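Student: Pasting a structure below so you can have a look.
Protein chains: 2
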Amino acid sequence: MLDERKKRVLQAIVEEYIQTAEPVSSNAIMNCEGLECSSATIRNEMAELEKMGYLEKPHTSAGRVPSAKGYRYYVDELLQEDKITLEEIKYISEKLENKVNQIEEITQIASSTISEITHYTTVAIGPSTNEQIIENIKFVLLNSRMMMAVILTDTGLVKETIIKFDEDITENQVQTLSYMFNNKLKGQPITKIDKPLEKYLVDEMSYSVNLIKPIIEQMKKVVEEESIHLEGATKLLELPEFNSLEVAKNFVNILDEKELMADMLNTGFAQDINVYIGEENEKEELKDFSIVTFKHRIGNKDLGTIGIIGPKRMDYAKVISVMKYISKKLNGNDNNKSE
Amino acid sequence: MLDERKKRVLQAIVEEYIQTAEPVSSNAIMNCEGLECSSATIRNEMAELEKMGYLEKPHTSAGRVPSAKGYRYYVDELLQEDKITLEEIKYISEKLENKVNQIEEITQIASSTISEITHYTTVAIGPSTNEQIIENIKFVLLNSRMMMAVILTDTGLVKETIIKFDEDITENQVQTLSYMFNNKLKGQPITKIDKPLEKYLVDEMSYSVNLIKPIIEQMKKVVEEESIHLEGATKLLELPEFNSLEVAKNFVNILDEKELMADMLNTGFAQDINVYIGEENEKEELKDFSIVTFKHRIGNKDLGTIGIIGPKRMDYAKVISVMKYISKKLNGNDNNKSE
DNA sequence: TTTAGCACTCATATATGTTGATTGCTAATT
DNA sequence: AATTAGCAATCAACATATATGAGTGCTAAA
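Residue numbers (numbering that gives the first Met the number 0), protein chains in the order written: chain A, 0 to 338; chain B, 0 to 338.
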């Protein structure tokens with residue numbers, strides 16, 4: 000357990016470092032609130048905090064920098080969560096309330112709003128489709144060789160795809176297909192669109208392979224697609240820690256790897272808001288970054304995940320308060336009178 | 000007009016510089032084909048070429064670098080276009096023939112193929128929708144307050160969007176709407192989906208505003224959306240000229256600006272393949288890059304534009320031959336026996 | 001327990017020297 | 001008249017030395 004003054008020192012250092020990105024010296028925080036003592040005293044405290052693992056020194060004659068443990072302590076114990084302004088609350092409300100009709104888009108809008116306010120990069124991923132239940136399937140004949148399939152799920156998600164055939168099809172065929180597919184799939188999880196179904200329809204129901212195969216394949220493909228959405232990809236490049244070309248390149252490459260992003264968003268959801276600081280990230284590539292994520296859900300329905308990715312010295316107070324607010328708004332339990 | 004040896008020298012310098020990204024010295028090209036003379040002679044030629052504006056010197060004791068004028072001369076007069084290998088031809092054919100069914104996707108596939116082969120960044124933009132003619136409109140009732148609209152155009156383009164209503168709608172309403180819209184819009188340019196139409200339907204045909212307004216607005220929106228597709232965005236970052244953080248950041252920021260990209264692809268199409276070298280680009284931001292574009296069209300139907308963006312010292316020979324080949328393949332006049 | 005004082009450390013900045021690639025010119029050669 | 005060898009001059013790039021100063025850690029006094 001840290002005594003009161005050590006907490007103060009740690010907090011001051013974390014906050015100063017978040018702001019300046021420069022190692023913090025004993026002088027720099029001497030005049031901070033609640034620290035009315037000399038730099039020498041602070042140096043002593045700093046030395047102890049370092050021994051306990053909360054701080055690090057880049058080199059002997061530099062100031063101190065928070066360690067992962069330091070950030071963690073700060074986030075868990077010291078953070079003050081009221082760093083969201085009234086203007087921001089207003090802005091968020093506007094953005095979200097305007098467009099509540101597009102269920103797929105809402106996560107993206109939330110994600111871009113977060114990026115705008117925090118100036119970090121955000122990643123949004125749609126709901127993991129394979130947990131969803133098919134509510135309805137529509138087939139629409141477009142022309143003699145093209146059909147559109149529309150899949151509706153219980154979460155309100157809509158996936159649509161165009162299917163092309165090598166032979167002509169008729170409105171009648173589409174009708175019976177539509178009936179058949181709905182009959183087999185309504186109320187079933189979306190993963191039931193698979194090879195066995197194709198086999199069943201061809202072998203047992205004696206539909207033509209040329210007809211069924213493209214339908215199943217295309218629907219399967221579109222259903223499995225994960226839609227990842229990046230916002231503010233270049234924002235981090237403005238930060239001083241990205242002044243090394245090495246790091247900047249690295250970051251851009253990370254963002255390019257969609258799978259990594261998806262993984263990142265899909266790990267562990269113990270709390271409503273999850274914070275991973277530097278080395279706490281499972282992926283090696285992310286160990287220089289901090290990540291804050293939350294799931295957008297209504298009831299127990301997963302509607303997507305939003306993550307923010309920033310430097311280890313990200314402004315946790317702001318990020319977390321913004322995330323909490325948006326999460327509350329999205330997930331419906333908003334009893335906040337913002338206007 | 001340049002004499003034969005000057006041409007040789009210019010060509011050697013351009014090609015060497017494209018390969019190495021280092022200023023080219025008189026020694027370096029002494030043993031090039033058709034240049035059996037001493038470095039001193041080459042130096043004399045180089046000095047003259049510089050005076051004429053084809054070459055530049057970064058500083059006194061460095062080699063020469065081609066100027067924009069130099070590249071231009073090279074592209075117009077000296078370039079040999081057979082820099083596409085058999086493997087590449089095979090690869091392209093495979094990629095393109097595999098997926099000729101998705102009309103929207105084809106431009107993107109072509110674009111990603113080009114990026115893979117050339118190792119530059121490519122940008123693809125869909126056909127400019129507002130020239131297209133509506134062939135058919137389908138409305139599909141999804142549930143009591145959601146409808147999907149599908150628009151088919153003469154180029155085979157399909158746009159679809161979900162429309163939500165504030166009041167319940169019936170299958171019957173959708174039927175008459177569908178009839179009405181098709182009646183008014185079939186054979187019309189896509190730009191006819193506009194405010195006057197809304198006004199007409201509401202005022203003259205006495206449809207409910209609550210019904211018509213969301214339909215028109217949403218369809219208008221989806222039709223106007225420009226779909227820009229980037230491929231290999233990080234590839235250029237590997238090139239030595241992007242070793243300056245300044246340039247790298249600048250590049251990433253450029254790619255982020257969708258409008259700029261769209262503009263870039265939509266300027267001037269005098270030739271089938273257009274080459275803009277450095278300062279020749281209208282946009283200030285692009286003056287350190289070269290851009291090669293071509294339009295994907297069948298007959299006089301515009302199906303999209305593909306552009307490649309690379310350093311001024313891009314491998315024009317390769318890029319142009321790949322682009323020409325793909326353009327030929329896409330645009331149908333392929334009388335090349337590749338297999 | 002706190003703090004003033006001071007020697008020590010070390011990244012950063014600046015100046016200075018060295019190297020080597022490359023040019024441009026001149027004079028000799030073809 | 002055109003080509004080429006030879007050589008001084010140039011200058012970025014690298015390496016090395018020197019100075020600066022911000023910041024610490026320790027000691028001893030308050």
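For each residue, glycine too, the CB sits at the ideal point set by N, CA and C.
Just so it is clear, the structure is predicted and the values come from calculations on it, not from any experiment.
1) Rounded to a whole number of angstroms, what is the C-alpha to C-alpha distance between Met146/A and Gln217/A?
2) Between which residues of its own chain and Thr266/A is the CB-CB distance below 7 Å, once the five residues before and five after are set aside?
3) Quick one: residues in its chain with C-beta nearer than 8 Å to the C-beta of Pro188/B, no 5 flanking neighbours on either side, listed in chain order?
4) Establish whether the CB of Thr233/A and some CB of chain B are separated by less than 8 Å.
5) Find out if the Cβ-Cβ distance for the pair Glu225/A, Gly125/A is shorter than 8 Å.
6) Measure from the alpha carbon of Gly277/A to the alpha carbon of each residue in Val74/A, Glu47/A, Leu48/A and Val8/A, then state which is nearest.
7) I'd like to know whether the C-beta of Asn335/A is nearer than 8 Å to at least one C-beta of chain B.
8) Can you grab the Cα-Cα spacing for the pair Glu166/A / Pro213/A, in whole Å?
9) Output needed in chain order: residues of the region 234–265 of chain A with a Cβ under 7 Å from some Cβ in chain B.
10) What residue range is occupied by the uninterrupted beta strand (DSSP E) comprising Phe293/A?
11) In chain order, what are the residue ranges of uninterrupted beta strand (DSSP E) at least 3 long that sit wholly in the region 55–139 of chain B?
12) Could I get the ranges of all uninterrupted alpha helix (DSSP H) runs contained in the region 11–57 of chain A, with 4 residues as the minimum, in chain order?
13) Between Val64/B and chain A, is any beta-carbon pair separated by less than 8 Å?
14) Rounded to the nearest angstrom, what separates Glu364/A and Asn26/A at their Cα positions?
15) Looking at the structure shown, is Glu223/B part of a helix, part of a strand, or coil, going by DSSP?
16) How would you call Asn273/A, buried or exposed, if buried means at least 16 neighbouring beta carbons within 10 angstroms?
17) Compare the Cα-Cα distances from Glu115/B to each of Lys234/B, Leu244/B, Lys248/B and Asp255/B and report the closest residue.
18) Considering Cα atoms alone, identify which of Leu85/B, Asp271/B and Gly231/B is closest to Glu256/A.
19) Would Ile162/A be called buried (16 or more neighbouring beta carbons within 10 Å of its own) or exposed?
20) Consider the Cβ of Lys137/A: report whether some Cβ of chain B lies at a distance smaller than 8 Å.
21) Quick check: Ile305/B and Ala123/B, are their CB atoms within less than 8 Å of each other?
22) Can you tell which of Ile215/B, Tyr324/B and His118/B has its C-alpha closest to the C-alpha of Lys198/B?
23) Please name the residues in the region 141–160 of chain B whose beta-carbon is closer than 9 Å to at least one beta-carbon of chain A, in chain order.
24) DSSP on Ile319/A, reduced to helix/strand/coil?
25) Is the distance from the Cβ of Ile113/A to the Cβ of Ile325/A below 8 Å?
26) Report the residue from Leu176/A, Ala247/A, Val201/A and Ile192/A whose alpha carbon sits nearest the alpha carbon of Lys220/A.
27) Use the C-beta contact count for Ser337/B: other C-beta atoms within 10 angstroms, 16 or more gives buried, fewer gives exposed.
28) How is the beta strand (DSSP E) around Met204/B delimited, first residue to last?
29) Which residue wins for smallest C-alpha separation from Lys294/A, given the options Leu329/A, Ile83/A, Gly309/A and Lys185/A?
30) CB-CB under 8 Å to Ala67/B, same chain, minus the five flanking residues each way: which ones, in chain order?
31) Put Glu258/B into one of helix, strand or coil per three-state DSSP.
32) Is it buried or exposed, Ser289/A, if we count other Cβ atoms within 10 angstroms and call 16 or more buried?
33) Give the DSSP bridge partners of Lys300/A, in chain order.
34) Could you work out which residue in Asp2/B, Tyr70/B and Gln172/B is closest to Arg352/B when comparing CA atoms only?
35) Between Val8/B and the rest of its own chain, which residues show a CB-CB distance below 8 Å, the 5 nearest in sequence each way excluded?
Tutor: Walking through what the data contain:
1) Going from the Cα of Met146/A to the Cα of Gln217/A covers about 11 Å.
2) Cβ within range, chain order: Glu281.
3) In its chain, beyond the 5 residues on either side, Asn129, Glu130, Gln131, Ile132 and Ile133 have a beta carbon closer than 8 Å to the beta carbon of Pro188/B.
4) Cβ-Cβ to chain B under 8 Å: yes for Thr233/A.
5) Taking 8 Å as the Cβ cut-off, Glu225/A and Gly125/A qualify as a contacting pair.
6) When Val74/A, Glu47/A, Leu48/A and Val8/A are compared, the shortest CA-CA separation from Gly277/A is found for Val74/A.
7) Reliability of the predicted coordinates at Asn335/A is poor, the pLDDT of 39 falling under 50, and no value is obtained from them.
8) Rounded to the nearest angstrom, the two C-alpha atoms are 11 Å apart.
9) So the close ones are Leu236, Asn242, Leu244, Ala247, Lys248, Val251, Asn252 and Asp255.
10) Per DSSP, the unbroken beta strand (DSSP E) holding Phe293/A starts and ends at Phe288 to Ile297.
11) As far as the region 55–139 of chain B is concerned, its whole beta strand (DSSP E) runs of at least 3 residues are 120–124.
12) 38–50, all fully within the region 11–57 of chain A.
13) With 8 Å as the cut-off, Val64/B does not count as an interface residue toward chain A.
14) No statement about residue 364/A is possible, as the shown extent of chain A runs from 0 to 338 and does not include it.
15) In the structure shown, Glu223/B falls within a helical segment according to DSSP collapsed to helix, strand and coil.
16) Only buried fits Asn273/A, as 16 or more other CB atoms lie within 10 angstroms of its CB.
17) For Glu115/B, the nearest C-alpha among the options comes from Lys234/B.
18) Sorting Leu85/B, Asp271/B and Gly231/B by C-alpha distance to the C-alpha of Glu256/A places Gly231/B at the top.
19) Label assigned to Ile162/A: buried.
20) Yes, contact with chain B.
21) Yes.
22) Between Lys198/B and the set Ile215/B, Tyr324/B and His118/B, the nearest pair of CA atoms involves Ile215/B.
23) Within the region 141–160 of chain B, the residues whose Cβ lies closer than 9 Å to any Cβ of chain A are, in chain order, Leu141, Asn142, Met145, Met147, Val149, Leu151, Gly155, Val157 and Glu159.
24) Under the three-state reduction of DSSP, Ile319/A is assigned to helix.
25) Their beta carbons are under 8 Å apart, which means Ile113/A touches Ile325/A by this criterion.
26) Closest by C-alpha distance to Lys220/A, out of Leu176/A, Ala247/A, Val201/A and Ile192/A, is Ile192/A.
27) At Ser337/B, the pLDDT of 36 sits below 50, so the modelled position is not reliable; the number obtained from the coordinates is stated separately. Result: exposed.
28) Under the DSSP assignment, Met204/B falls outside any beta strand (DSSP E); it carries neither an H nor an E label.
29) For the residues Leu329/A, Ile83/A, Gly309/A and Lys185/A, the minimum Cα distance to Lys294/A belongs to Leu329/A.
30) Only Ile276, Gly277, Glu278, Glu279 and Lys311 meet the Cβ criterion.
31) Three-state DSSP puts Glu258/B in a helix.
32) Buried, by the Cβ-count rule.
33) Bridge partners of Lys300/A: Ile297/A.
34) With chain B represented from 0 up to 338, any question about residue 352/B goes unanswered, as that position is not in the structure.
35) Ile28, Leu34, Ile41, Glu44, Met45 and Leu48, listed in sequence order.
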